[in-house]
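Input: a single structure, listed below in structure tokens.
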Amino acid sequence: MDAMAQLPLPAGLGAGTFPAKLWSLVNDPRVRSLHWDSEARGLLVDRSLFERELLRPGGAQGPAPHAFRATQFRSFVRQLYRYGFRKVPGRAGAAAPGDAGAWVHYRNPWFRRDRPDLLLRIRRRSAANTQRRGGGAGGAQAPALRLPAAPRAMAAAG
């Protein structure tokens with residue numbers, strides 16, 4: 001095992017959270033379906049191997065079967081997006097020379113091999129906080145509701 005695989009998860013990050021599980025699995029040399037990209041700032045996933053190794057209900061053969069609640073790859077990808085990962089266009093292909101697997105590339109600015117402390121910045125996006133941040137589904141924020149101030153004469157008379 002190399003030194004990076006031995007970096008501890010930061011205090012305050014539960015080992016059962018999606019980012020922690022993902023970071024631990026990509027650093028586990030027994031997991032063959034997940035790799036760091038060449039810059040150690042992105043995740044390469046071999047879809048077919050990932051499904052066999054980590055997702056198949058009742059039939060996963062890998063080192064951490066059922067590591068994720070998902071049983072289908074598209075559910076796993078939805079989780080990636082929910083945690084701020086984005087697919088890197090045009091980067092699918094072999095992870096290493098001579099590798100026949102088709103790898104899909106995802107990145108999150110806070111997911112780096114050498115910086116497990118940044119995992120604390122990865123937050124799960126929900127419909128509610130996405131609307132607060134982005135202004136809702138239409139992109140425009142709803143105007144704030146302002147009530148007219150009570151006239152001073154009414155306040156003084158009461």
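So in full-length UniProt numbering, the last spot in the sequence shown is 158, and the numbers never skip.
Virtual Cβ for every residue (Gly too), placed ideally from N, Cα, C.
Model, not experiment: these values are computed from the prediction.
Reference residue i, options the options, closest by Cα
i, options, result
"VAL88", "LEU9, THR17 and LEU43", "LEU43"
"residue 163", "GLN72, ASP28, ARG78 and LEU25", "Lying before the first or after the last residue shown, residue 163 is absent from the chain, which here runs from 1 to 158."
"TRP23", "PHE68, ARG52 and GLU51", "PHE68"
"VAL27", "ARG123, LEU118, SER126 and ARG112", "Note that residue 27 is Asn in the sequence shown, not Val. Selected option, being the one with the closest Cα: ARG112."
"VAL31", "ASP114, ASP37, ARG74 and GLU53", "GLU53"
"TYR83", "SER126, TRP103, ARG74 and ALA102", "SER126"
Residue range of the alpha helix (DSSP H) that includes residue i
i, result
"ARG74", "73-82"
Environment of residue i [buried if 16+ CB atoms lie within 10 Å]
i, result
"TYR81", "exposed"
"ALA11", "exposed"
"PRO116", "buried"
"SER33", "buried"
"PRO143", "Here PRO143 scores only 44 on pLDDT, less than 50, and its place in the model should not be relied on; the value that follows carries that caveat. Flag for PRO143 reads exposed."
"ASP46", "buried"
"GLU51", "buried"
"ARG107", "buried"
"PRO109", "exposed"
N- and C-terminal bounds of the beta strand (DSSP E) containing residue i
i, result
"TRP23", "Not the beta strand (DSSP E): TRP23 falls in the alpha helix (DSSP H), residues 18-26."
"LEU44", "42-46"
"LEU34", "34-36"
Paired residues, beta bridge with residue i - DSSP
i, result
"TRP110", "None; TRP110 has no bridge partner."
"VAL104", "VAL45"
"ARG86", "ARG107"
heavy atom of the ligand COA below 7 Å from residue i C-beta
i, result
"PRO116", "The model depicted lacks the ligand COA and carries no ligand whatsoever."
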